[in-house]
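Enquirer:
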Amino acid sequence: ALPLQDGFDIQHLTLHKMDAELANLKAQASTLAVDICHFTGKHADRPLLVDHFRTSLFVAPDGVEFKALRLRTGCSTLEGSCTLTYDLSLPPAAFKDNVHVTAHLSSAVIAAEELAVFLPYFKQHKTSYSLSGALEGKVNDFRVKDLKLDFGEQGSRFEGCLSLQGLPNLQEATFDIELQQGVLHTKD
């Protein structure tokens, strides 16, 4: 993985002071299902606090599913569902090519200051991003359909589809946007 200052760094997320309430725990063969009714935690050395996390979690050897996902951090919220499928026989270095993501964001408000924990580029921004849409693909090559994105003090807004290739290396990442509607203010 690239150093934090140069790219996306999800591999170094360490939470401390965790508290959880679980229900309906079921384990059978190599699968696990549990309802996470409430979870909190604080990132060890970065300003990120998980105030509330709730989901129905299903873990199997070939994937993880988060249903009815709700996440609230210090300044951000996220609601939706997410499924990650993968081949465990491949090395962790193959993460970006191996993991297939299917996600539906019904609502998300992400503060730039918290996004900067994973993407330092956003340290220079003092805004939040409201978005919704359906994401499909691999970490290094995915598409977001029905994307709605609002950001900035002046109210910039996009609606359409987004394709992104090249993550986690931001320097090599490329994207295509198919706009259905959009307004971009220069100050944003």
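Mapping the sequence shown onto this note's numbering, position 4 (from 1) lands on 4, and the numbers just tick up by one. Cβ atoms here follow ideal geometry from the backbone N, Cα and C, with glycine treated the same way.
(1) Cutting at 6 angstroms between CB atoms, please list the residues of its own chain near aspartate 6, excluding the five before and the five after it.
(2) Excluding the 5 residues flanking glutamate 65 on each side, which residues of the same chain have their C-beta closer than 6 angstroms to its C-beta?
(3) If you run the structure through DSSP and keep just helix, strand and coil, what is leucine 170?
(4) Going by DSSP, what residues sit across from glutamine 154 in a beta bridge?
(5) Considering only the beta carbon of each residue, do histidine 100 and glycine 152 sit closer than 9 angstroms?
(6) Between leucine 135 and phenylalanine 142, is the Cβ-Cβ spacing less than 9 angstroms?
(7) Just checking my contact of valine 139 with phenylalanine 95 at CB under 8 angstroms: how many whole Å lie between their CB atoms?
(8) For aspartate 35 and valine 117, what's the separation of their Cα atoms in angstroms?
(9) Using alpha carbons as the reference points, say which of His52, Gln180, Leu162 lies closest to aspartate 232.
(10) Using the beta-carbon count (16 or more within 10 Å), is alanine 93 buried or exposed?
Expert: Answer, in terms of the structure:
(1) Confidence at aspartate 6 is low in this model, with a pLDDT of 46, below 50, so the placement of that residue is unreliable and no value is reported for it.
(2) Phe58, Thr83
(3) In the structure shown, leucine 170 sits in coil (DSSP, three-state: anything other than H, G, I, E or B).
(4) DSSP, once it has assigned bridges, lists no residue as partnering glutamine 154.
(5) no
(6) yes
(7) 6 angstroms
(8) 27 angstroms
(9) Here the chain covers residues 1 to 188 and nothing more, so residue 232 does not appear.
(10) exposed
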